[in-house]
Structure formats: structure tokens, C-alpha cells
Amino acid sequence: MTQAQVVMVDGKDLPLHCPTNKTPAWNSHPRVFLDITKTGEAKCPYCGAEYKLIPGTEPHGH
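In C-alpha cells form, the structure reads like this:
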């Protein structure tokens, strides 16, 4: 079993979606938007990637 990747997210990455724009096409799944602003973290229901908001990050335009 492999451990899920933890991706640190900045305000410029919002709104957050997985897969991100940096994900290679061969490793893609349907895009899902994740709400990270309430708790500071989110997990993708498709691939299990974990996202964490960088401490002190202010959401821009949300």
C-alpha cells in the first residue's frame, strides 16, 4: 500500500481541484473541487491525495 501524497496549497491555488493543473494526463481522473478553506485540509475522493492549506494563507476572492 502506498501513502497518499500531501500537497501544500497556497491562496493562488484556490479554488482547489483535483487533479491539479500539474497532474500528468496519464494520471488523471474526473475533476473534483475540494473545499479546503473551512478546515485547512481536504482529501480527494478519487485518488486519496491530501491537500493542506499553508498556515497563514488568505483565500483570495473567496
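The sequence shown begins at 125 in my numbering and counts up by one. All C-beta atoms in this analysis are idealised placements derived from N, C-alpha and C, irrespective of residue type, glycine included. Keep in mind that this is a model prediction, so the values were computed, not measured.
- [ ] Determine the contact status of LEU158 and LYS167, defining contact as a CB-CB distance below 9 angstroms.
- [x] Contact flag set, yes.
Task: Span separating the alpha-carbon of TYR170 from that of ASN145 - done: Distance between the alpha carbons of TYR170 and ASN145 is about 16 angstroms.
Task: Cα-Cα separation, VAL156 to GLY180 - done: Using only the alpha carbons, I get a separation of about 25 angstroms.
Open item on the list: Are the CB atoms of VAL133 and LEU140 within a distance shorter than 9 angstroms?
Closed with: It is a contact, given that the beta carbons lie within the stated cut-off.
Task: Nonlocal neighbours in the same chain, by C-beta distance under 8 angstroms from MET125, ignoring five residues either side - done: A caution first: MET125 carries a pLDDT of 40, below 50, which makes its placement in the model unreliable, though a value can still be read off. For MET125, same chain residues with a beta-carbon under 8 angstroms away, outside a window of 5 residues either side, do not exist.
Open item on the list: Taking DSSP's pairing of strands, which residues face LEU138 in a bridge?
Closed with: According to DSSP, which records beta bridges pairwise, LEU138 is partnered with nothing at all.
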